[in-house]
C-alpha cells in the first residue's frame with residue numbers, strides 16, 4: 015500500500031513544478047523511510063486508546079505506516095490526527111485516509127481519523143498525543159510572520175518552519191510520548207535554532223538517531239542541499255545514558271554502521287547547545303580530545319564563514335591531487 019501511495023504522489027509531482035513544491039517546503043517521505051520511521055515502540059496497554067499526530071501529513075504516508083505498525087502489534091483503539099493545508103495534495107491524502115479506514119476495519123479495530131485543514135503552528139489541540147511522527151515543511155519564514163509570532167519563545171534570528179514544528183510537536187506530546195522527526199541536520203548546530211535546541215535539551219529524551227550518508231538519496235529526484243537525519247525520542251526530562259546512532263548506506267536503508275554514544279558526550283554541548291553527530295567510534299575519540307581543549311578557533315584568532323563558497327557548489331575547482 016505504501017508503494018501505491020508513493021505512485022500517486024509521483025503522479026502529483028509530475029504535474030507540479032519542482033519550484034512550487036520547494037516554495038512550500040514540500041519533500042515527500044519515501045515508502046522505505048516511512049516504514050523505518052513507523053517502527054514505534056509497542057509498550058502501551060493493548061486496550062488503551064493510542065493518539066497519533068501527523069502535523070505535516072502531506073500524502074499521509076507516515077500516518078498509514080504507523081497505523082499499520084500499531085495494528086500489526088495488536089492495538090485496536092486508534093485515534094489519528096492528520097494536519098495538511100495544501101489543497102493540491104489533498105486527493106492523495108484522501109485516498110490514504112480511505113485506506114487507513116479500510117485497514118482498521120480489516121483488523122476489527124476502532125479508529126477515529128481527524129483531518130485538519132489548519133496551519134499547525136496556529137492550531138490549538140484539545141488533546142496531548144502518544145505519538146508524533148512528522149516530515150515537516152523545510153522553509154524559512156519571516157521574523158514577523160504569524161508562525162514566528164505565535165512561537166516567539168523559540169525564535170532566534172530568522173526561523174525555519176521545520177524548527178517551529180519540532181518545538182510545537184513536543185508541546186503536544188504526553189509524558190513519555192514518542193517523537194519521530196525527519197529533518198535536515200542544520201537544527202543541531204545552526205545559530206537560528208538555538209532556542210529550539212534549548213527546549214529540546216530540557217524536554218526530549220533522545221533515544222536514537224539515523225544519519226544518511228548521502229544528501230541525495232533520501233528524497234530522490236529533489237535538490238536537497240543539506241544532509242538529512244531521523245530523530246527518535248520521547249518526551250521527558252531524564253535523558254538515557256546512551257544514544258544509538260545508525261549510519262544508513264547510500265540508496266538503501268541498510269545500516270552501514272551502528273554504535274552507541276554516551277549522551278553527555280554528544281547531547282547539546284557548549285554554550286550554543288550543539289547536538290554532535292559522530293559517524294563512527296573514531297569521531298567519538300575526537301570529541302573526547304576536543305572536549306579537553308580550552309582554546310577555540312576564535313580565541314586563537316581564526317574566523318570562519320559559510321555561505322556561497324561551499325564544497326558542493328565548487329566541484330570544478332576541487333582536484334584529487336594537490337597542485338602547488
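Residue numbers (this note's numbering): 15 to 338.
Virtual Cβ for every residue (Gly too), placed ideally from N, Cα, C.
Predicted model only: the values in this text are computed from it and were never measured.
Practice task
Establish whether the CB of residue 68 and some CB of chain E are separated by less than 9 Å.
Solution key: Among the chains of the structure shown, chain E does not appear; only one protein chain is present.
Problem - Sequence-distant residues of the same chain with beta carbon closer than 7 Å to residue 251, five excluded per side - result: As a working note, residue 251 is residue 237 in the chain shown. These residues qualify, in order along the chain: 216 and 217.
Exercise for the section: Grab me the residues of residue 177's own chain with a C-beta within less than 6 Å of its C-beta, minus the 5 sequence neighbours each way, in chain order. Expected result: For the purposes of this step, residue 177 is taken as the residue at position 163 of the chain shown. Within the same chain, residue 177 has close Cβ partners 201, 207 and 210.
Practice task
Taking residue 192 as the reference, give the member of 107, 17, 80 and 305 with the closest Cα.
Solution key: For the purposes of this step, residue 192 is taken as residue 178 along the chain shown, with counting starting at 1. Among 107, 17, 80 and 305, the Cα nearest to that of residue 192 is on 80.
Exercise for the section: Check residue 142 in the structure and name its three-state DSSP category. Expected result: Residue 142 sits at position 128 when you count from the first residue of the chain shown. Reduced to three states, the DSSP call for residue 142 is coil.
Exercise for the section: With a threshold of 16 other CB atoms inside 10 Å of the CB of residue 21, please say whether the residue is buried or exposed. Expected result: Here residue 21 is taken as the residue at index 7 of the chain shown, counted from 1. Classification for residue 21: exposed.
Practice task
Label residue 338 either buried or exposed according to how many other C-beta atoms from any shown protein chain fall within 10 Å of its C-beta, with 16 as the threshold for buried.
Solution key: Counting from one through the chain shown, the residue named residue 338 turns up at place 324. Residue placement at residue 338 cannot be trusted, given a pLDDT of 46 that sits under 50; what the coordinates show is reported in the next sentence. Residue 338 is exposed by the Cβ-count criterion.
Handout entry: Alpha-carbon spacing of residue 302 relative to residue 44, whole angstroms
Key = Numbered from its first residue, the chain shown carries residue 302 at position 288. Numbered from its first residue, the chain shown carries residue 44 at position 30. Going by the C-alpha atoms only, they are around 36 Å apart.
Problem - Residue closest to residue 143, alpha-carbon to alpha-carbon, out of 304, 277, 63 and 280 - result: As a working mapping, residue 143 is identified with position 129 in the chain shown. Checking every option, the nearest Cα to that of residue 143 belongs to 63.
Problem - Inter-residue spacing [alpha-carbon to alpha-carbon] between residue 305 and residue 221 - result: One-based indexing of the chain shown puts residue 305 at position 291. One-based indexing of the chain shown puts residue 221 at position 207. Each residue's alpha carbon lies about 22 Å from the other.
Handout entry: Any non-hydrogen atom of the ligand ADP within 8 Å of residue 31 CB
Key = Although the ligand ADP was asked about, the structure shown includes no ligands whatsoever.
Exercise for the section: For residue 267, collect the residues of the same chain with a Cβ closer than 6 Å to its Cβ; drop the 5 residues on either side in sequence, then sort them by chain order. Expected result: Your numbering for residue 267 matches position 253 in the chain shown. Cβ within range, chain order: 46 and 50.
Practice task
Leaving out five residues on either side along the sequence, give the residues of the same chain with a beta carbon under 6 Å from the beta carbon of residue 274.
Solution key: Along the chain shown, one-based indexing puts residue 274 at 260. So the list reads 256 and 258, once near-sequence residues are dropped.
Practice task
Return the CA-CA distance between residue 278 and residue 225, expressed in angstroms with no decimal places.
Solution key: What you label residue 278 is simply residue 264 of the chain shown in a count that begins at 1. What you label residue 225 is simply residue 211 of the chain shown in a count that begins at 1. Roughly 19 Å between the two C-alpha positions.
Exercise for the section: Classify residue 298 as helix, strand or coil using the three-state DSSP reduction. Expected result: By 1-based counting over the chain shown, the position of residue 298 is 284. The answer is helix: DSSP assigns residue 298 an H, G or I state.
Problem - Backbone CA spacing between residue 340 and residue 38 [nearest angstrom] - result: The requested residue 340 does not occur in the structure, where the chain is confined to residues 15 to 338.
Exercise for the section: Using alpha carbons as the reference points, say which of 204, 248 and 247 lies closest to residue 288. Expected result: Taking the chain shown and counting its residues from 1, the one referred to as residue 288 is at position 274. Among 204, 248 and 247, the Cα nearest to that of residue 288 belongs to 204.
Practice task
Please report how far the alpha carbon of residue 76 lies from the alpha carbon of residue 114, in whole angstroms.
Solution key: For the purposes of this step, residue 76 is taken as residue 62 along the chain shown, with counting starting at 1. For the purposes of this step, residue 114 is taken as residue 100 along the chain shown, with counting starting at 1. One C-alpha to the other measures close to 11 Å.
Practice task
Within its chain, find whatever has a CB closer than 7 Å to the CB of residue 331; leave out the 5 residues flanking it on each side and keep chain order.
Solution key: The count along the chain shown starts at 1 and reaches residue 331 at position 317. The answer is none, since no qualifying residue turns up.
Handout entry: According to DSSP, residues forming a beta bridge with residue 271
Key = As a first step, residue 271 must be located in the chain shown, where it is residue number 257. Bridge partners of residue 271: 261.
Practice task
Go ahead and label residue 89 buried or exposed: buried means 16 or more other beta carbons lie within 10 angstroms of its beta carbon, across all protein chains shown.
Solution key: Along the chain shown, read from residue 1 onward, the residue named residue 89 stands at position 75. Under this definition residue 89 is a buried residue.
Exercise for the section: Could I get the ranges of all uninterrupted alpha helix (DSSP H) runs contained in the stretch 149 to 182, with 4 residues as the minimum, in chain order? Expected result: 160 to 164
Exercise for the section: Report buried or exposed for residue 166, applying the criterion of at least 16 other Cβ atoms within 10 angstroms of its Cβ. Expected result: Taking the chain shown and counting its residues from 1, the one referred to as residue 166 is at position 152. Exposed: under 16 other Cβ atoms inside 10 Å.
Problem - First and last residue of the uninterrupted beta strand (DSSP E) at residue 226 - result: Counted from its first residue, the chain shown places residue 226 at position 212. Looking at the DSSP string, the run of the beta strand (DSSP E) that includes residue 226 is 218 to 226.
Exercise for the section: Could you tell me which residues DSSP pairs with residue 93 in its beta bridges? Expected result: The count along the chain shown starts at 1 and reaches residue 93 at position 79. Paired residue(s): 65 and 126.
Exercise for the section: Have a look at residue 187 and residue 59 and give me their C-alpha separation to the nearest angstrom. Expected result: For the purposes of this step, residue 187 is taken as residue 173 along the chain shown, with counting starting at 1. For the purposes of this step, residue 59 is taken as residue 45 along the chain shown, with counting starting at 1. C-alpha separation (whole angstroms): 18 Å.
Exercise for the section: Classify residue 38 as helix, strand or coil using the three-state DSSP reduction. Expected result: As a position in the chain shown, residue 38 is number 24, starting the count at 1. Three-state result, residue 38: coil.
Handout entry: Assigned secondary structure, residue 30 (DSSP; H/G/I helix, E/B strand, else coil)
Key = Within the chain shown, residue 30 is the residue found at index 16, counting from 1. Note: residue 30 maps to coil in three-state DSSP.
Handout entry: Distance, residue 299 Cα to residue 68 Cα
Key = Mapped onto the chain shown, residue 68 falls at position 54. Mapped onto the chain shown, residue 299 falls at position 285. Residue 68 and residue 299: Cα-Cα distance of roughly 38 Å.
Exercise for the section: Answer with buried or exposed for residue 48, where buried requires no fewer than 16 other C-beta atoms within 10 angstroms of its C-beta. Expected result: One-based indexing of the chain shown puts residue 48 at position 34. With 16 or more Cβ atoms within 10 Å of its Cβ, residue 48 is classed as buried.
Practice task
Report yes if the C-beta distance between residue 124 and residue 85 is below 9 Å; otherwise report no.
Solution key: One-based indexing of the chain shown puts residue 124 at position 110. One-based indexing of the chain shown puts residue 85 at position 71. Not closer than 9 Å, so no.
Practice task
Report the rounded CA-to-CA distance for residue 161 versus residue 333, giving the unit in angstroms.
Solution key: Here residue 161 refers to the residue found at position 147 of the chain shown. Here residue 333 refers to the residue found at position 319 of the chain shown. Their backbone Cα atoms lie some 44 Å apart in a straight line.
Exercise for the section: Please confirm whether residue 154 and residue 172 have their CB atoms less than 9 Å apart. Expected result: The sequence position of residue 154 within the chain shown is 140, counting from 1. The sequence position of residue 172 within the chain shown is 158, counting from 1. Cβ distance < 9 Å, so residue 154 and residue 172 count as in contact.
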